[in-house]
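J.:
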Amino acid sequence: MDHFRNPRNVGEIDGADGIGEVGNMKCGDIMKMYLKIDGSETITDVKFKTFGCGAAVATSSMATELIKGRTVADALRLTNAAVVEALEGLPPVKIHCSVLAEQAVKTAVADWYKKRGLTPPPETDIDEHASEHAYDLEHM
Ligand code: FES
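Just so you know, we're using the working numbering here: the sequence shown kicks off at 371 and counts up by one.
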């Protein structure tokens with residue numbers, strides 16, 4: 371609730387090193403993540419914008435807190451389950467919102483690789499429909 375009421379790191383970063391935008395076709399929510407990454411591959415700043423539900427705001431806020439100051443490799447190990455755990459749980463119907471947060475981080479990291487002319491590692495691959503599948507399961 372705290373991360374929903376007082377989300378951290380909301381906004382955009384001018385000249386971000388990596389930007390990731392993901393959405394869930396079913397609920398229509400969209401999440402955009404901006405990363406600033408230094409020469410030692412540390413995420414020095416991260417901001418997000420979410421056009422979505424309260425849980426999408428809370429999960430993105432928590433995800434940004436978990437990866438700020440960490441390395442890119444650490445960020446790629448972030449799972450939606452870790453975000454949910456850090457928030458001390460989410461109602462089952464909101465699990466797909468946390469999937470979106472994980473995907474936003476990975477997509478932004480992939481963009482950072484591409485901007486430098488590099489091929490993103492397999493850990494940045496996202497199942498574009500994962501959050502939709504999660505949404506379907508929740509709404510059965
Ligand atoms: Fe779809 Fe939260 S992101 S309802």
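We put the CB at the ideal spot given by N, CA and C, even for glycine.
Return the chain-ordered list of same chain residues with a C-beta closer than 6 Å to the C-beta of Gln473, the five sequence neighbours on each side being excluded.
T.: Excluding positions up to five away in sequence, the list reads Val392 and Ile496.
J.: When you compare the CB positions of Glu435 and Arg378, do they come within less than 8 Å of one another, or not?
T.: Closer than 8 Å, so yes.
J.: If you run the structure through DSSP and keep just helix, strand and coil, what is Gly390?
T.: DSSP places Gly390 in strand when its eight states are reduced to three.
J.: So, are the CB atoms of Phe421 and Asp399 less than 8 Å apart?
T.: Yes, Cβ-Cβ distance for Phe421 and Asp399 is below 8 Å.
J.: Beta carbon of Leu470: closer than 7 Å to some heavy atom of the ligand FES?
T.: Yes, the Cβ of Leu470 comes within 7 Å of a heavy atom of the ligand FES.
J.: Does any heavy atom of the ligand FES sit closer than 7 Å to the C-beta of Ala433?
T.: Checking every heavy atom of the ligand FES against the Cβ of Ala433, none is found closer than 7 Å.
J.: Taking buried to mean at least 16 other C-beta atoms within 10 Å of its own C-beta, is His466 buried or exposed?
T.: Counting Cβ neighbours within 10 Å, His466 comes out buried, since at least 16 surround it.
J.: Is the beta carbon of Asn450 within less than 7 Å of some heavy atom of the ligand FES?
T.: Checking the Cβ of Asn450 against the ligand FES gives no.
J.: With distance defined between alpha-carbon atoms, name the residue in Gly381, Thr412 and Asn394 nearest to Val479.
T.: Ranking the options by Cα distance to Val479, first place goes to Thr412.
J.: Please return the same chain residues whose Cβ sits closer than 7 Å to the Cβ of Pro462, not counting the five positions on each side in sequence.
T.: Hits under 7 Å: Glu508.
J.: Can you pull the DSSP bridge partners for Leu405?
T.: DSSP output for Leu405 lists Gly388 and Val416 as bridge partner(s).
J.: Whole angstroms are fine: how far does the CA of Ile383 sit from the CA of Met403?
T.: Approximately 9 Å, taken between the alpha carbons.
J.: Can you give me the start and stop residues for the alpha helix (DSSP H) that Ser468 sits inside?
T.: It spans Ile465 to Lys485 - the alpha helix (DSSP H) in which Ser468 sits, taken as one unbroken run.
J.: Should Thr494 and Ser468 be called a contact, given that it needs their Cβ atoms to be closer than 8 Å?
T.: Cβ distance not < 8 Å, so Thr494 and Ser468 don't count as in contact.
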